[in-house]
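Notes for the one structure printed next.
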Amino acid sequence: MALANWDKKAQATFAKIMTVVPEPMQDAMKPQLISMVENKASGAKVTKEIIEKLVREDLPEPQRSVIMGALGLSDETAKPQEAEPTTQLTWEGDSENMVEKIMEVIPEMLRGAVRPKLLEFISKKAGPSGSVTEGLVVEAVQEMKPPEPFMSQIMKVLAAGSGVDLGKLDEILATYQGKQEELVNILHDVQNEYSYLPKEALGKVSEFLAVPMSTTYRVATSYQAFSLEPKKSHVVKVCDGVACHLNDADDTYNSLDQTSNGRFTLEKVRCIGCCGKEPMVMVDDQCGNSTWAKDKISKF
Ligand code: FES
Numbered sequence: 001m002a003l004a005n006w007d008k009k010a011q012a013t014f015a016k017i018m019t020v021v022p023e024p025m026q027d028a029m030k031p032q033l034i035s036m037v038e039n040k041a042s043g044a045k046v047t048k049e050i051i052e053k054l055v056r057e058d059l060p061e062p063q064r065s066v067i068m069g070a071l072g073l074s075d076e077t078a079k080p081q082e083a084e085p086t087t088q089l090t091w092e093g094d095s096e097n098m099v100e101k102i103m104e105v106i107p108e109m110l111r112g113a114v115r116p117k118l119l120e121f122i123s124k125k126a127g128p129s130g131s132v133t134e135g136l137v138v139e140a141v142q143e144m145k146p147p148e149p150f151m152s153q154i155m156k157v158l159a160a161g162s163g164v165d166l167g168k169l170d171e172i173l174a175t176y177q178g179k180q181e182e183l184v185n186i187l188h189d190v191q192n193e194y195s196y197l198p199k200e201a202l203g204k205v206s207e208f209l210a211v212p213m214s215t216t217y218r219v220a221t222s223y224q225a226f227s228l229e230p231k232k233s234h235v236v237k238v239c240d241g242v243a244c245h246l247n248d249a250d251d252t253y254n255s256l257d258q259t260s261n262g263r264f265t266l267e268k269v270r271c272i273g274c275c276g277k278e279p280m281v282m283v284d285d286q287c288g289n290s291t292w293a294k295d296k297i298s299k300f
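If you count the sequence shown from 1, position 87 lands on 87 in the working numbering, and the numbers rise without skipping.
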């Protein structure tokens, strides 16, 4: 790709940047970066200073830190180290090991920048308790949004060690053609198979359809029919349709919530189609009023 309107120092700076872009990403990133730089120059000759300004101001993390390191730039825009209380993280289950598995996917030259970034996302999600679960690590990766192909590779690695048997997922995907418009149908099939959408499966689905993980995640969290959490053996749905809402569905929900004690999955849903003696409740696949539901639940 010709860099006609670039001076020599700019071309050398750009070549340096490309040395830290992992090979599988170079074809995609090179034209994108050139176009970003030329937009930044707004028609003027591209100089080293313009490229450095773009790197400082416009690149997302962790790419920004990696490229700044390669160009020997100091981070003048970095926020002064706030005296944030450093929360001691408590790693539960396999969560700490998962971070190491993720790092194995990241090329060595990027690990120095990616690891602290990932830990920052994990700490933020863990909050003051500092408790890190396996699910929290997956969510931190999803929020950090590492670029492809890393996101798919990370999800694959996490799925392999998650204990979720994704063998059935291959069978489901084999019945589809890989078109992006199949996303919702695939998610329905996955939900039917596992009774929820394992986060690890979302990575595989994204890869299969060649859609960003963020899109799959957005769809998975937009529809009430989908759940990202494993369901308990009983599912109780309190209708919050108009008729039920006007008949104190909230009270029913709250009183069931107080008695659930983790014995069942409790959800609020739209009209469940058996309006009558509101507020209506579905217990597994049966529908009745709140008195009936409480009686049924007491026998779990
Ligand atoms: S509004 Fe609640 S069942 Fe229809």
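Beta carbons: idealized from backbone N, C-alpha and C, even for Gly.
Looking only at DSSP bridge pairs, what is residue i linked to?
i: K268; result: V238
i: C287; result: M282
i: S131; result: T90
Along the chain, where does the alpha helix (DSSP H) that runs through residue i open and close?
i: V138; result: 134-144
i: A12; result: 8-19
i: G69; result: 63-71
i: I51; result: 48-58
i: T380; result: Outside the shown range of the chain (1 to 300) lies residue 380, about which nothing can therefore be said.
i: N192; result: 183-194
i: L173; result: 167-174
i: S95; result: 95-105
> What residues does ligand 1 have around it, judged by CB closer than 6 Å to any heavy atom, in chain order?
Replying inline: C239, G241, V242, A243, C244, C271, I272, C274, C275, E278, M280
>> My parser needs the beta strand (DSSP E) runs of 3 or more residues fully inside the region 199-247; what are they?
In response: 235-239
>> For the structure I just gave you, are there three or more beta carbon pairs, one from the region 269-278 and one from the region 227-247, closer than 8 Å?
In response: yes
> Any chance the region 136-147 sits against the region 103-122, with 3 or more Cβ pairs inside 8 Å?
Replying inline: yes
> Taking one C-beta from the region 247-257 and one from the region 287-300 each time, how about it: are there three or more such pairs within less than 8 Å?
Replying inline: yes
>> For the pair the region 229-238 and the region 173-185, tell me if three or more CB-CB distances fall below 8 Å.
In response: no
>> With three or more beta-carbon pairs closer than 8 Å as the criterion, would you say the region 38-56 touches the region 90-107?
In response: no
> Does the region 193-206 come within contact of the region 214-226, defined as at least 3 CB pairs closer than 8 Å?
Replying inline: yes
>> Quick test of the definition: if touching needs 3 or more C-beta pairs under 8 Å, does the region 144-158 touch the region 180-194?
In response: no
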